[in-house]
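Structure record follows, encoded as structure tokens.
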Amino acid sequence: MVELRDSYLGPADSFAVAMERDPLLRSTIVAVALFDSSPDLTVLTWRLDRATRLSPVFRQRLTTTKLGMAPPRFRSDPEFDLSLHLRRVAAPEPRTFESVLEFARVAGMTAFDPARPLWEFTLVEGLTEGRAALIMKVHHALTDGIGGVQLIARLVDLQREPSDLGAMPELSEVISTGPLEAWRDALSYDLMHATRSVASWLDAASTRAARFARDPVAAIADVVDVVTSIARFVRPVTTTLSPVMRDRRLGRHYATLDVPLEPMRQAGKLAGGTVNDSFIAGVTGGLRRYHERFDAHVESLRLTMPISVREEGDPEGGNRITLVRFEVPVSIEDPLRRIREINVKCAGLRNDRALAWSDAAATVLQLLPSSITGGMLKHVDFVASNIPGFAFPVFVGGAELIGFYPFGPTLGAALNVVLISYRGTSHLGINMDEGAVSDPELLLTCLHEGFEEVLALVGEHEAVRRGVA
Numbered sequence: 003m004v005e006l007r008d009s010y011l012g013p014a015d016s017f018a019v020a021m022e023r024d025p026l027l028r029s030t031i032v033a034v035a036l037f038d039s040s041p042d043l044t045v046l047t048w049r050l051d052r053a054t055r056l057s058p059v060f061r062q063r064l065t066t067t068k069l070g071m072a073p074p075r076f077r078s079d080p081e082f083d084l085s086l087h088l089r090r091v092a093a094p095e096p097r098t099f100e101s102v103l104e105f106a107r108v109a110g111m112t113a114f115d116p117a118r119p120l121w122e123f124t125l126v127e128g129l130t131e132g133r134a135a136l137i138m139k140v141h142h143a144l145t146d147g148i149g150g151v152q153l154i155a156r157l158v159d160l161q162r163e164p165s166d167l168g169a170m171p172e173l174s175e176v177i178s179t180g181p182l183e184a185w186r187d188a189l190s191y192d193l194m195h196a197t198r199s200v201a202s203w204l205d206a207a208s209t210r211a212a213r214f215a216r217d218p219v220a221a222i223a224d225v226v227d228v229v230t231s232i233a234r235f236v237r238p239v240t241t242t243l244s245p246v247m248r249d250r251r252l253g254r255h256y257a258t259l260d261v262p263l264e265p266m267r268q269a270g271k272l273a274g275g276t277v278n279d280s281f282i283a284g285v286t287g288g289l290r291r292y293h294e295r296f297d298a299h300v301e302s303l304r305l306t307m308p309i310s311v312r313e314e315g316d317p318e319g320g321n322r323i324t325l326v327r328f329e330v331p332v333s334i335e336d337p338l339r340r341i342r343e344i345n346v347k348c349a350g351l352r353n354d355r356a357l358a359w360s361d362a363a364a365t366v367l368q369l370l371p372s373s374i375t376g377g378m379l380k381h382v383d384f385v386a387s388n389i390p391g392f393a394f395p396v397f398v399g400g401a402e403l404i405g406f407y408p409f410g411p412t413l414g415a416a417l418n419v420v421l422i423s424y425r426g427t428s429h430l431g432i433n434m435d436e437g438a439v440s441d442p443e444l445l446l447t448c449l450h451e452g453f454e455e456v457l458a459l460v461g462e463h464e465a466v467r468r469g470v471a
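Residue numbers (my numbering): 3 to 471.
Below you can see the structure in the form of structure tokens.
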């Protein structure tokens with residue numbers, strides 16, 4: 003039996019859901035899996051049915067409490083119908099990968115039906131060369147990138163022939179509650195939350211008092227450090243650093259790039275950094291070029307980067323990230339130096355004291371007027387995240403996965419670039435705001451050049467290319 007508190011959204015997700023009153027700030031994730039053939043629909047349906055039983059949040063609706071007495075919570079959907087969440091369509095002409103991206107783009111711009119669980123899968127069949135694609139649309143409150151990979155692992159096999167996973171798990175009992183029970187649950191949550199908050203505060207106060215008695219100077223410095231870190235999370239942002247990517251509209255444009263993983267890892271290592279530092283350096287190199295094409299100079303841009311706070315023992319799925327906002331260098335032309343500068347900034351953020359207080363920061367942001375918090379998000383220039391995927395070939399219903407492209411929500415930024423690795427290739431999904439990015443094709447060309455610049459640090463390498471066509 004799931005504890006009451008586990009049904010409610012945490013402060014970060016509650017904040018994200020509240021922001022969705024502005025459609026520019028929707029937290030919709032879309033991923034496109036490309037297969038060499040069409041997966042067996044019977045197998046895919048069975049696996050998906052099994053996965054939703056093992057992760058029952060995918061059979062639950064997001065509901066709000068009366069008068070906002072408690073955060074939104076997931077409640078079992080007594081009318082859950084898998085056929086409404088897994089659809090099958092024929093590929094539209096010209097039946098290429100670009101046709102799939104257009105289908106995915108429209109799906110990403112369309113709001114979920116709030117009366118049903120917040121996810122949809124669409125199998126697109128009849129692509130050229132006998133290929134097929136699975137478009138996966140999921141609300142961020144259900145899972146983050148790492149959790150999504152964990153859940154997809156329930157659908158795949160390590161060989162083309164589907165394996166026998168045994169009997170179908172039993173369904174959890176659906177318990178319907180009336181208005182009185184809903185009020186009672188909300189009051190119980192508030193009481194429990196208040197009790198835990200007070201206990202946590204008293205424990206922290208006791209610990210700090212003991213530290214103050216031992217070393218008052220160090221204790222005061224520690225408190226100042228924590229408060230300063232949290233202030234960086236919640237401070238208002240009133241300007242956009244990019245002089246070019248300033249407009250914001252509801253239209254989106256999807257694009258993809260394939261970047262060889264090992265040369266990118268080697269480039270990061272040469273600069274004393276990581277593959278993530280190389281990734282960010284490739285994006286910033288592309289954005290520098292894009293601004294130069296408009297005769298605009300920019301020293302740095304504001305980036306929002308998800309950092310995982312997932313711990314060992316956390317359940318599969320779920321959204322266990324915190325978003326950090328900071329400036330990254332763009333004008334540095336030397337890619338080696340740019341990677342080093344990015345590494346210093348990213349390493350500092352991973353150890354930031356405020357990460358442990360991200361829920362508290364989200365709670366503070368919820369208290370601010372939505373016009374202020376929404377404006378802050380729209381002054382971010384870009385979002386970027388790096389997700390480790392499968393290092394080996396995987397199959398779904400007899401079809402081999404040959405490409406996997408994630409498209410994260412822009413969250414008010416000009417674009418979001420997400421990297422997921424698969425079999426030695428970094429698959430990049432690029433989600434652009436059509437108001438901010440007036441020339442998507444030019445930006446894609448510039449990003450291509452930005453990554454080639456980074457990979458050139460290691461000498462000969464496999465070329466960066468457009469996503470599978």
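The beta carbon of each residue, even a glycine, is placed where N, CA and C say it ideally should be.
**Message:** With H, G and I counted as helix, E and B as strand and the rest as coil, what does DSSP make of residue 140?
**Reply:** For the purposes of this step, residue 140 is identified with residue 138 of the sequence shown, where counting begins at 1. Reduced to three states, the DSSP call for residue 140 is strand.
**Prompt:** Nearest-angstrom Cα distance between residue 344 and residue 41?
**Reply:** Translated into positions along the sequence shown, residue 344 becomes position 342. Translated into positions along the sequence shown, residue 41 becomes position 39. Each residue's Cα considered, the two are about 41 Å apart.
**Prompt:** So which of 143, 278, 256 and 287 has the shortest CA-CA distance to residue 106?
**Reply:** Locating residue 106 in the sequence shown gives position 104, where the first residue counts as 1. Distances from the CA of residue 106 to each of 143, 278, 256 and 287 were compared; the closest alpha carbon is that of 256.
**Asked** What first and last residue would you give for the beta strand (DSSP E) that runs through residue 472?
**Response** The structure shown does not extend to residue 472, since the chain spans only 3 to 471, so no value can be given for it.
**C-beta contact flag for residue 281 and residue 32 at 8 Å** = Along the sequence shown, read from residue 1 onward, the residue named residue 281 stands at position 279. Along the sequence shown, read from residue 1 onward, the residue named residue 32 stands at position 30. In this structure, residue 32 does not lie closer than 8 Å to residue 281 by Cβ.
**Prompt:** For residue 335, which three-state DSSP category applies?
**Reply:** Taking the first residue of the sequence shown as position 1, residue 335 is located at position 333. DSSP places residue 335 outside both helix and strand once states are collapsed to three, so it counts as coil.
**Asked** Does the beta-carbon of residue 37 have 16 or more other beta-carbons within 10 angstroms, so that it is buried, or is it exposed?
**Response** Here residue 37 is taken as the residue at index 35 of the sequence shown, counted from 1. By the neighbour-count rule (16 or more Cβ atoms within 10 Å), residue 37 is buried.
**Message:** Could you tell me the alpha carbon to alpha carbon distance between residue 335 and residue 287, rounded to whole angstroms?
**Reply:** Counted from its first residue, the sequence shown places residue 335 at position 333. Counted from its first residue, the sequence shown places residue 287 at position 285. Rounded to whole angstroms, residue 335 to residue 287 spans 7 Å at the Cα level.
**Asked** Given that a residue counts as buried once 16 or more other Cβ atoms are within 10 Å of its Cβ, and exposed if not, what is residue 202?
**Response** Stepping through the sequence shown from its first residue, residue 202 is reached at position 200. Low confidence applies here, because residue 202 scores a pLDDT of 49, under 50, leaving its location unreliable; read the following figure in that light. Around the beta carbon of residue 202, a 10 Å sphere encloses fewer than 16 other beta carbons of the protein chains shown; the residue is thus reported as exposed.
**Request:** Taking all protein chains shown into account, decide if residue 331 is buried (16 or more other Cβ within 10 angstroms of its Cβ) or exposed.
**Result:** In the sequence shown, residue 331 corresponds to position 329, counting from 1. Residue 331 comes out buried.
**Terminal residues of the beta strand (DSSP E) in which residue 252 lies** = If you number the sequence shown from 1, residue 252 lands on position 250. For residue 252, no beta strand (DSSP E) segment is defined, and its DSSP state is neither H nor E.
**Request:** Rounded to whole angstroms, what's the CA-CA distance from residue 126 to residue 14? Just pull it up for me.
**Result:** Residue mapping note: residue 126 aligns to position 124 of the sequence shown, counting from 1. Residue mapping note: residue 14 aligns to position 12 of the sequence shown, counting from 1. If you take the alpha carbons of residue 126 and residue 14, they lie about 34 Å apart.
**Message:** With a threshold of 8 Å on Cβ separation, who are the neighbours of residue 299 within its own chain once the five nearest residues in sequence on each side are excluded?
**Reply:** Start at 1 with the first residue of the sequence shown, and residue 299 comes out as number 297. Around residue 299: 293 and 333.
**Prompt:** If you draw a straight line from the C-alpha of residue 382 to the C-alpha of residue 168, how long is it?
**Reply:** For this step, residue 382 is matched to residue 380 along the sequence shown. For this step, residue 168 is matched to residue 166 along the sequence shown. Taking the CA atoms as reference points, residue 382 sits about 48 Å from residue 168.
**Prompt:** Is the distance from the Cβ of residue 143 to the Cβ of residue 29 below 8 Å?
**Reply:** By one-based count along the sequence shown, residue 143 stands at place 141. By one-based count along the sequence shown, residue 29 stands at place 27. The answer is yes: Cβ separation under 8 Å.
**Item:** Among 116, 279 and 245, nearest to residue 22 - alpha-carbon criterion
**Value:** Locating residue 22 in the sequence shown gives position 20, counting from the first residue. Taking only the C-alpha atoms, the option nearest residue 22 is 116.
**Request:** To the nearest angstrom, report how far apart residue 472 and residue 111 are at their CA atoms.
**Result:** Nothing can be reported for residue 472: it is not among the residues displayed for the chain, which extend from 3 to 471.
**Asked** Opposite residue 260 in the DSSP bridges: which residues?
**Response** For the purposes of this step, residue 260 is taken as residue 258 along the sequence shown, with counting starting at 1. Beta-bridge pairing by DSSP links residue 260 to 429 and 467.
**Asked** Can the beta-carbon of residue 76 be found closer than 8 Å to that of residue 64?
**Response** If you number the sequence shown from 1, residue 76 lands on position 74. If you number the sequence shown from 1, residue 64 lands on position 62. Yes; because the gap between Cβ atoms is below 8 Å, this pair is in contact.
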